[in-house]
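*Asks:* After the structure tokens below, expect a handful of questions from me.
Protein chains: 2
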Amino acid sequence: MSGDIAWIGLDWGTTHLRAMLVGKPGEVLHELASADGVATLGPDGFEPALLALIGPYLPPSGSVTMIACGMVGSSIGWREAPYRPVPCAPLDAAAAATVPVNDPRLSLKILPGLSQSNPPDVMRGEETQIAGFLATHPGWDGILCLPGTHSKWVEVSAGEVVSFQTFMTGELFALIGGQSVLRHTVATDGWDEAAFAEGLDDALARPERLATHLFRLRAAGILEGLDGHAARARLSGLLIGAELAAAKPYWLGRQVAILGAETVASAYHTALAAQGLAAEVVAGRDAVFAGLTAAASELAGRRA
Amino acid sequence: MSGDIAWIGLDWGTTHLRAMLVGKPGEVLHELASADGVATLGPDGFEPALLALIGPYLPPSGSVTMIACGMVGSSIGWREAPYRPVPCAPLDAAAAATVPVNDPRLSLKILPGLSQSNPPDVMRGEETQIAGFLATHPGWDGILCLPGTHSKWVEVSAGEVVSFQTFMTGELFALIGGQSVLRHTVATDGWDEAAFAEGLDDALARPERLATHLFRLRAAGILEGLDGHAARARLSGLLIGAELAAAKPYWLGRQVAILGAETVASAYHTALAAQGLAAEVVAGRDAVFAGLTAAASELAGRRA
Chain C
1 MSGDIAWIGL DWGTTHLRAM LVGKPGEVLH ELASADGVAT LGPDGFEPAL LALIGPYLPP
61 SGSVTMIACG MVGSSIGWRE APYRPVPCAP LDAAAAATVP VNDPRLSLKI LPGLSQSNPP
121 DVMRGEETQI AGFLATHPGW DGILCLPGTH SKWVEVSAGE VVSFQTFMTG ELFALIGGQS
181 VLRHTVATDG WDEAAFAEGL DDALARPERL ATHLFRLRAA GILEGLDGHA ARARLSGLLI
241 GAELAAAKPY WLGRQVAILG AETVASAYHT ALAAQGLAAE VVAGRDAVFA GLTAAASELA
301 GRRA
Chain E
1001 MSGDIAWIGL DWGTTHLRAM LVGKPGEVLH ELASADGVAT LGPDGFEPAL LALIGPYLPP
1061 SGSVTMIACG MVGSSIGWRE APYRPVPCAP LDAAAAATVP VNDPRLSLKI LPGLSQSNPP
1121 DVMRGEETQI AGFLATHPGW DGILCLPGTH SKWVEVSAGE VVSFQTFMTG ELFALIGGQS
1181 VLRHTVATDG WDEAAFAEGL DDALARPERL ATHLFRLRAA GILEGLDGHA ARARLSGLLI
1241 GAELAAAKPY WLGRQVAILG AETVASAYHT ALAAQGLAAE VVAGRDAVFA GLTAAASELA
1301 GRRA
């Protein structure tokens, strides 16, 4: 079976490592994942973590081409792949950094992220999702929303990333819900669509009041017995609503597609629908795979 | 020496316990403090924590009157002192909860906090600072700002708290600076007045953009080598600026006094001064002491 592997794509972020083992005709033979994210590894931990995940699938001899995206290419990653400044195409496989390895079966390149100088901003990993989206939507112009720990709003035109803006929404949700005084009020799971919609409305109406909207959740928990699931959905609505209010110059009157994991993409889709905007949703996993595939094709073309 | 103690005031919050041992003529004989905050203690931990701090100063026989304010009166405190709804005077010693104790030398009452039903909000401890401020500023009408973990803006008129609003500014500063991705960018101390002013200006101009202003600090750290002290001051400016933008209906065109610890009170004073407002600053410690003293007088008067 290992002989069937043509190349391996790696989505290696702060908290996770995901591998897609791809066969000759381009289909995914195996998808593997571990919790060996960049934040958990020291400088000497990357190669062992990679081998622990994919080692059993490697051929006994010869090397397998691997292409990675994400924080693995940052200054705290395995090897730094310097940012490419926008405006530019989201993908340039020729700019990938070659990683020195000990195991001769590994042949690894890391795709660079994108940077913007004014206002300063950076992304790592999302550029590969954007490239994948454009590979499956040739000629598409508009706005991409990539929700997550650090949500990105991206203007795409003529195959290039023109500008982008990052919001710490997902990280704020985790910190505020899990570690602030609101942890006594906000449940760790569960949902309530009405409470989400209320949070959205409050935040969109008065987005500058975030810090007081947040404490009001705590007070409502104490004084009114606010349900933990409702509090969680309302917190999400407040934070996504504040993001939509600030990102309005991006999405208002534009064609928008959301690239992300199902749950969070669905929340953003609902939020935009409430603003009268019907956004396309593409699974983040599919976009990453398409982007890594595009990079593999570029590299194969250069070798040919 | 212990015979000189007339009463003891306790400021017992989430993270600290402070005691003021007061002599007959009203002067403070000793100020003591420990890290035995409410959040660190279980239900049976309060009396031992109190005795550990003040035990050496207690007389061998007889009991000493003690008056406490703060989270010690919450549902996770020693004994719950139910909220008093606004509008009301900040202090009503008759509503204090009597705490059952084992050591006969202790005679402890906990002052209640204040609640507001619409919008829902609560305070515990700040009401005693407000009472102390009014005791030293009789007839004062205006807006009190009590910056801190959960900053309060309070409208005071005719000796009553009319309304108030809480912002999670201090808690957000600690969480975002210490635990988010910005911990790589933001120093744990240090200051830069110019960076603070920039953060204020950015937040007051576009307060709804907080989540993206925050990530911009990270990007500026990566791309421009933003100094950690400057990043810390700028983060503070962004959060205080967002609070001032949202609290503008409170302070605009009003008489404002700030009650708080020196460093944070000074930051708010600077921020309000940049908006053309000259606020009086009163040390939070002095306000608490004056409030506990007023409560002690009320209780003594009722006994007399």
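As they're listed, the protein sequences go chains C and E.
All residue numbers for the first sequence refer to this note's numbering, where the first residue is 1 and numbers rise by one.
All residue numbers for the second sequence refer to this note's numbering, where the first residue is 1001 and numbers rise by one.
Glycine residues also receive a C-beta, built at the ideal position from the N, C-alpha and C atoms.
Predicted, not measured: the structure shown is a model, and the values here were computed from it.
#1: Cα separation between Asp-998 (chain E) and Ala-231 (chain C)?
#2: Could you confirm whether any beta carbon from chain E is found closer than 9 angstroms to the beta carbon of Gln-275 (chain C)?
#3: Measure the alpha-carbon distance for Ser-1301 (chain E) versus Gln-1116 (chain E) and round it to whole angstroms.
#4: Would Tyr-1057 (chain E) count as contacting chain C if we go by Cβ distances under 9 angstroms?
#5: Could you tell me how far apart the beta carbons of Ala-1279 (chain E) and Val-1256 (chain E) are, in whole angstroms, since I believe they sit closer than 8 angstroms?
#6: Measuring only the C-alpha atoms, how far is Leu-182 (chain C) from Phe-1167 (chain E)?
#7: Since Gln-1129 (chain E) contacts Leu-1146 (chain E) with CB under 8 angstroms, what's their CB separation in whole angstroms?
#8: Rounded to whole angstroms, what's the CA-CA distance from Met-1001 (chain E) to Ala-1033 (chain E)? Just pull it up for me.
#9: Determine which residues share a DSSP beta bridge with Thr-166 (chain C) and list them.
#10: Can you give me the C-alpha to C-alpha distance between Ser-75 (chain C) and Ala-1246 (chain E), rounded to a whole angstrom?
#11: Mind reading off the beta-carbon distance from Thr-185 (chain C) to Gly-225 (chain C)? Whole number of angstroms is fine, and I expect it under 8 angstroms.
#12: Going by DSSP in three states, Asp-1103 (chain E) sits in which element: helix, strand or coil?
#13: How is the alpha helix (DSSP H) around Ser-1266 (chain E) delimited, first residue to last?
#14: Please report the straight-line C-alpha distance between Ile-311 (chain C) and Gly-276 (chain C), rounded to a whole angstrom.
#15: Distance check for Glu-1155 (chain E) and Gly-1142 (chain E), CA to CA, integer angstroms please.
#16: What residues in the stretch 114 to 126 of chain C have a beta carbon less than 9 angstroms from any beta carbon of chain E?
#17: Quick one, are the C-beta atoms of Leu-21 (chain C) and Ile-8 (chain C) less than 9 angstroms apart?
#18: From the DSSP secondary-structure annotation, give me the bridge partner or partners of Gly-1009 (chain E).
#19: Straight-line CA distance for Ala-283 (chain C) to Gly-42 (chain C)?
#20: Quick one: using the 10 Å Cβ neighbour count with 16 as the cut-off for buried, is Ala-1094 (chain E) buried or exposed?
#21: Apply the 10 Å Cβ neighbour rule to Leu-1252 (chain E) and answer buried if 16 or more other Cβ atoms are within range, or exposed otherwise.
#22: At a CB-CB cut-off below 8 angstroms, which residues of chain C make contact with Gln-1179 (chain E)?
#23: Between the stretch 1093 to 1107 of chain E and the stretch 1049 to 1068 of chain E, can you find at least three pairs of beta-carbon atoms closer than 8 angstroms?
#24: Measure from the C-beta of Leu-1017 (chain E) to each C-beta in chain C and report whether the shortest distance is under 9 angstroms.
#25: What residues in its chain sit with their C-beta under 8 angstroms from that of Val-1161 (chain E), if we drop five residues either side in the sequence?
#26: Keeping to the same chain, check which residues put their C-beta closer than 7 angstroms to that of Leu-1172 (chain E); ignore five residues upstream and five downstream.
#27: If you measure between the beta carbons of Gly-1170 (chain E) and Gly-1148 (chain E), is that distance less than 9 angstroms?
#28: Keeping to the same chain, check which residues put their C-beta closer than 7 angstroms to that of Thr-14 (chain C); ignore five residues upstream and five downstream.
#29: Just to make sure I have the definition right: I need the residues of chain E whose C-beta is within less than 7 angstroms of the C-beta of Glu-224 (chain C). Which are they?
#30: Which residues mark the beginning and the end of the alpha helix (DSSP H) in which Ile-1143 (chain E) is found?
#31: Please list, in chain order, the residues of the stretch 1195 to 1220 of chain E that have any C-beta partner in chain C closer than 7 angstroms.
#32: Does Ser-1107 (chain E) get closer than 9 angstroms to chain C when you measure Cβ to Cβ?
#33: Given this structure, state the Cα-to-Cα distance separating Ala-1187 (chain E) from Arg-1209 (chain E), to the nearest angstrom.
#34: Please confirm whether Ala-211 (chain C) and Ala-1261 (chain E) have their CB atoms less than 9 angstroms apart.
#35: Any chance you could list the alpha helix (DSSP H) runs of at least 4 consecutive residues sitting entirely within the stretch 1023 to 1083 of chain E, in chain order?
#36: Just grab the DSSP bridge partners of Ile-1258 (chain E) for me.
*Replies:* This is what the structure holds:
#1: Since the displayed chain E opens at 1001 and closes at 1304, residue 998 (chain E) lies outside it and no answer follows.
#2: For the purposes of this step, residue 275 (chain C) is taken as residue 275 along the first sequence, with counting starting at 1. Closer than 9 angstroms: no.
#3: Numbered from its first residue, the second sequence carries residue 1301 (chain E) at position 301. Numbered from its first residue, the second sequence carries residue 1116 (chain E) at position 116. This sequence places Gly at residue 1301 (chain E); Ser is not what is there. Cα to Cα, the separation comes out at about 29 angstroms.
#4: Locating residue 1057 (chain E) in the second sequence gives position 57, counting from the first residue. False, the Cβ-Cβ gap to chain C never drops below 9 angstroms.
#5: The residue given as residue 1279 (chain E) occupies position 279 in the second sequence. The residue given as residue 1256 (chain E) occupies position 256 in the second sequence. Indeed, because the Cβ distance is near 4 angstroms, the residues count as touching under 8 angstroms.
#6: Taking the first residue of the first sequence as 1, we reach residue 182 (chain C) at position 182. Taking the first residue of the second sequence as 1, we reach residue 1167 (chain E) at position 167. Approximately 12 angstroms between the Cα atoms of the pair.
#7: Numbered from 1 along the second sequence, position 129 holds the residue referred to as residue 1129 (chain E). Numbered from 1 along the second sequence, position 146 holds the residue referred to as residue 1146 (chain E). About 6 angstroms separates the two Cβ atoms, so the contact holds.
#8: Taking the first residue of the second sequence as position 1, residue 1001 (chain E) is located at position 1. Taking the first residue of the second sequence as position 1, residue 1033 (chain E) is located at position 33. Interpretation of Met-1001 (chain E) is limited by its pLDDT of 46, a score under 50 that renders its predicted location unreliable; the figure taken from the coordinates is listed afterwards. Roughly 19 angstroms separates the two Cα atoms.
#9: Residue numbering aside, residue 166 (chain C) sits at position 166 when the first sequence is read from its first letter. In the DSSP output, where bridge partners are listed per residue, Thr-166 (chain C) has C:Lys-152.
#10: Within the first sequence, the letter at position 75 stands for residue 75 (chain C). Within the second sequence, the letter at position 246 stands for residue 1246 (chain E). Cα to Cα, Ser-75 (chain C) sits roughly 37 angstroms from Ala-1246 (chain E).
#11: If you number the first sequence from 1, residue 185 (chain C) lands on position 185. If you number the first sequence from 1, residue 225 (chain C) lands on position 225. Actually they do not touch by this definition, with Cβ atoms about 10 angstroms apart.
#12: Taking the first residue of the second sequence as 1, we reach residue 1103 (chain E) at position 103. Reduced to three states, the DSSP call for Asp-1103 (chain E) is coil.
#13: Within the second sequence, the letter at position 266 stands for residue 1266 (chain E). 1262 to 1274 is the extent of the alpha helix (DSSP H) around Ser-1266 (chain E).
#14: Absent from the structure is residue 311 (chain C), since the part of chain C shown begins at 1 and ends at 304.
#15: Taking the first residue of the second sequence as 1, we reach residue 1142 (chain E) at position 142. Taking the first residue of the second sequence as 1, we reach residue 1155 (chain E) at position 155. If I take the Cα positions, the gap works out to 6 angstroms.
#16: Ser-115, Gln-116, Ser-117, Pro-119, Pro-120, Asp-121 and Val-122
#17: As a first step, residue 21 (chain C) must be located in the first sequence, where it is residue number 21. As a first step, residue 8 (chain C) must be located in the first sequence, where it is residue number 8. Result yes, Cβ atoms of Leu-21 (chain C) and Ile-8 (chain C) sit closer than 9 angstroms.
#18: Locating residue 1009 (chain E) in the second sequence gives position 9, where the first residue counts as 1. Gly-1009 (chain E) pairs with E:Met-1020 and E:Ile-1067.
#19: Counted from its first residue, the first sequence places residue 283 (chain C) at position 283. Counted from its first residue, the first sequence places residue 42 (chain C) at position 42. C-alpha separation (whole angstroms): 31 angstroms.
#20: For this step, residue 1094 (chain E) is matched to residue 94 along the second sequence. By the neighbour-count rule (16 or more Cβ atoms within 10 Å), Ala-1094 (chain E) is not buried but exposed.
#21: As a working note, residue 1252 (chain E) is residue 252 in the second sequence. Its Cβ having fewer than 16 others within 10 Å, Leu-1252 (chain E) is exposed.
#22: Residue numbering aside, residue 1179 (chain E) sits at position 179 when the second sequence is read from its first letter. Simply Leu-175 and Gln-179.
#23: yes
#24: Along the second sequence, read from residue 1 onward, the residue named residue 1017 (chain E) stands at position 17. Chain C contact via Cβ: absent.
#25: By 1-based counting over the second sequence, the position of residue 1161 (chain E) is 161. Hits under 8 angstroms: Val-1086, Pro-1087, Cys-1088, Ala-1089, Pro-1090, Leu-1114, Glu-1127, Ile-1130, Val-1154 and Glu-1155.
#26: On the second sequence, position 172 is the one that residue 1172 (chain E) refers to. Counting only Cβ-Cβ distances below 7 angstroms, and skipping sequence neighbours, we find Leu-1239.
#27: Along the second sequence, read from residue 1 onward, the residue named residue 1170 (chain E) stands at position 170. Along the second sequence, read from residue 1 onward, the residue named residue 1148 (chain E) stands at position 148. Yes, the pair counts as a contact, with Cβ atoms nearer than the cut-off.
#28: For this step, residue 14 (chain C) is matched to residue 14 along the first sequence. Taken in chain order, the residues that qualify are Gly-37, Val-38, Ala-39 and Met-71.
#29: Locating residue 224 (chain C) in the first sequence gives position 224, counting from the first residue. The answer, in chain order, is Pro-1120.
#30: To locate residue 1143 (chain E), count along the second sequence from 1; it is residue 143. Not the alpha helix (DSSP H): Ile-1143 (chain E) falls in the beta strand (DSSP E), residues 1142 to 1146.
#31: Pro-1207, Glu-1208, Arg-1209, Leu-1210, Ala-1211, Thr-1212, Leu-1214, Phe-1215, Arg-1216, Ala-1219 and Ala-1220
#32: Taking the first residue of the second sequence as 1, we reach residue 1107 (chain E) at position 107. No, no contact with chain C.
#33: Against the second sequence, residue 1187 (chain E) aligns to sequence position 187. Against the second sequence, residue 1209 (chain E) aligns to sequence position 209. Rounded to the nearest angstrom, the two C-alpha atoms are 23 angstroms apart.
#34: By 1-based counting over the first sequence, the position of residue 211 (chain C) is 211. By 1-based counting over the second sequence, the position of residue 1261 (chain E) is 261. Their beta carbons are not under 9 angstroms apart, which means Ala-211 (chain C) does not touch Ala-1261 (chain E) by this criterion.
#35: 1046 to 1054
#36: Taking the second sequence and counting its residues from 1, the one referred to as residue 1258 (chain E) is at position 258. Partner(s): E:Cys-1145 and E:Val-1281.
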